[in-house]
């Protein structure tokens, strides 16, 4: 993970330089703002990856002489199935439709979003997946 953190930090330096050059030459605020926001996102991801790399053991991607098979094995636990993202998507769609058609639609979307959110958070505390 050390190389990914370095890549994002160098990418953020490049995006910052391009944002400054673009802002000076174009005098266009929307693109300049977007580039500065992209710089912020790159530096956040780079800092997170660099910070996390200090806490975990070196992976196969950190070794220049590593083979693909060196990175084999268990990578973590991934949920096999869940209906909660569907509930969140429907609630989010209703919320965005509320912006278009009227804020009263938020009264219908908020409970759907909350059910999906609480269901997703507490998915492994109840029901058939409780012991996982």
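In the numbering used here, the protein residues as written are 1340 to 1471.
Built from N, CA and C at the ideal position, the CB exists for glycine as well.
These numbers were taken from a predicted model, which means no experiment stands behind them.
Which residue marks the beginning of the alpha helix (DSSP H) containing residue i, and which one marks its end?
| i | result |
| --- | --- |
| residue 1426 | 1423-1440 |
| residue 1358 | 1341-1365 |
| residue 1450 | 1445-1460 |
| residue 1464 | That residue, residue 1464, is in no alpha helix (DSSP H); it is neither H nor E in DSSP. |
| residue 1385 | 1368-1394 |
Could you check if residue i is buried or exposed, using at least 16 other CB atoms within 10 Å of its CB as the buried criterion?
| i | result |
| --- | --- |
| residue 1453 | exposed |
| residue 1347 | buried |
| residue 1354 | buried |
| residue 1351 | buried |
| residue 1390 | exposed |
| residue 1378 | buried |
What does a CB cutoff of less than 6 Å around residue i pick up in its chain, not counting 5 residues either side in sequence?
| i | result |
| --- | --- |
| residue 1458 | 1423 |
| residue 1401 | 1341 |
Measure the alpha-carbon distance for residue i versus residue j and round it to whole angstroms.
| i | j | result |
| --- | --- | --- |
| residue 1430 | residue 1403 | 46 Å |
| residue 1364 | residue 1384 | 28 Å |
| residue 1425 | residue 1418 | 15 Å |
| residue 1345 | residue 1393 | 12 Å |
| residue 1439 | residue 1451 | 18 Å |
| residue 1368 | residue 1395 | 41 Å |
| residue 1412 | residue 1443 | 50 Å |
Might you give, ordered along the chain, the residues of its own chain that have their beta carbon closer than 8 Å to the beta carbon of residue i, omitting 5 neighbours on each side?
| i | result |
| --- | --- |
| residue 1405 | 1399 |
| residue 1397 | 1341 |
| residue 1409 | 1399 and 1402 |
I'd like to check one pair, residue j with residue i: are the Cβ atoms closer than 8 Å?
| i | j | result |
| --- | --- | --- |
| residue 1445 | residue 1432 | no |
| residue 1380 | residue 1358 | no |
| residue 1448 | residue 1441 | no |
| residue 1456 | residue 1427 | yes |
| residue 1361 | residue 1372 | no |
Given residue i, which residues of its chain have a CB within under 7 Å of its CB, disregarding the five upstream and five downstream residues?
| i | result |
| --- | --- |
| residue 1343 | 1388 |
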